[in-house]
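J.: Position one of the sequence shown corresponds to residue 1274 (the working numbering), numbered consecutively onward.
Ideal placement from N, C-alpha and C gives every residue a C-beta, glycine not left out.
These figures come from a predicted structure and were not determined experimentally.
What follows is a single structure, and I will ask about it in a moment.
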Amino acid sequence: MRIIVYLLLALSVVWGSPVRAEGLIIIANPGVAVSRLSPDELAAIYLLKTTTWQGGGKIVAVNREASSSTRTVFSDAVLRQPYNALNDYWNQMHFKGKAPPLVQESDQAVLAFVQKVPGAIGYISASVAPQNVKVLAKVP
């Protein structure tokens, strides 16, 4: 039995993460006036350097939980920082009175949140159909 488990783990390393293979979709509430975001603009939103949308309105960013492979892909590709560095960053922001983005436990929860909350932005696996939201970018 151990051999099977080790083989499955080895194959997952060789094939890579399913999220990484499919990529991510950056989604926003349909009421957001922006139609596209660059990777740098997206990073600025998630690092709270940009807190309002062009044309007005508060940005409400939502993350996946820290243990999510989707969040790992997002952090690596967009924020370009490892988990420990982001943790330190959020500790510094806490002392400045700024809270990190909200957290949802699944792609479906992120999708539902973004659909309902004005100004919301999030990311989901490209394997999830983005219904009733605006697609702002794709992350390979």
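1) Is Lys1331 helix, strand or coil when you go by DSSP?
2) Give the single residue among Pro1303, Ile1298, Ala1399 whose Cα lies nearest to the Cα of Gly1330.
3) Inspect the beta-carbon positions of Ile1300 and Pro1403 and report whether they are closer than 9 Å.
4) Using alpha carbons as the reference points, say which of Ala1393, Ser1400, Ser1398, Val1412 lies closest to Val1406.
5) Given this structure, state the Cα-to-Cα distance separating Val1401 from Pro1312, to the nearest angstrom.
6) Is it a yes or a no for the region 1377-1395 touching the region 1326-1343, going by three-plus beta-carbon pairs under 8 Å?
7) List the DSSP bridge partners of Ser1398.
8) The beta strand (DSSP E) with Val1390 in it runs from where to where?
9) Whole angstroms is fine: what's the gap from Leu1408's alpha carbon to Leu1359's?
10) Under 6 Å Cβ to Cβ from Gly1370, same chain only, skipping five residues before and after it: list those, please.
11) If you measure between the beta carbons of Ser1379 and Gly1296, is that distance less than 9 Å?
12) Does the Cβ of Ser1290 have 16 or more other Cβ atoms within 10 Å, making it buried, or fewer, making it exposed?
13) Between which two residues does the alpha helix (DSSP H) harbouring Ala1358 extend?
14) Beta-carbon within less than 8 Å of Ser1348's beta-carbon, same chain only, minus the 5 sequence neighbours each way: which residues are those?
15) Just to confirm before moving on: does the CB-CB distance between Leu1375 and Leu1352 stay below 9 Å?
T.: Looking at the atomic coordinates:
1) Strand.
2) For Gly1330, the nearest C-alpha among the options comes from Pro1303.
3) Cβ distance < 9 Å, so Ile1300 and Pro1403 count as in contact.
4) Of the listed residues, the one whose Cα sits closest to Val1406 is Ala1393.
5) Their backbone Cα atoms lie some 21 Å apart in a straight line.
6) Taking 8 Å as the limit for Cβ pairs, the verdict is that the region 1326-1343 does touch the region 1377-1395.
7) Paired residue(s): Leu1297.
8) From DSSP, Val1390 is part of no beta strand (DSSP E); its letter is neither H nor E.
9) It should be pointed out that residue 1408 corresponds to Val in this sequence rather than to Leu. Val1408 and Leu1359: Cα-Cα distance of roughly 25 Å.
10) The same chain holds no residue with a CB closer than 6 Å to that of Gly1370 once the five nearest residues on each side in sequence are set aside.
11) Cβ distance not < 9 Å, so Ser1379 and Gly1296 don't count as in contact.
12) Note that Ser1290 scores 42 on pLDDT, short of 50, meaning its location in the model is unreliable and no value can be drawn from it.
13) From DSSP, the alpha helix (DSSP H) with Ala1358 extends over 1356-1368.
14) Excluding positions up to five away in sequence, the list reads Gln1354, Pro1355, Tyr1356, Leu1359.
15) No.
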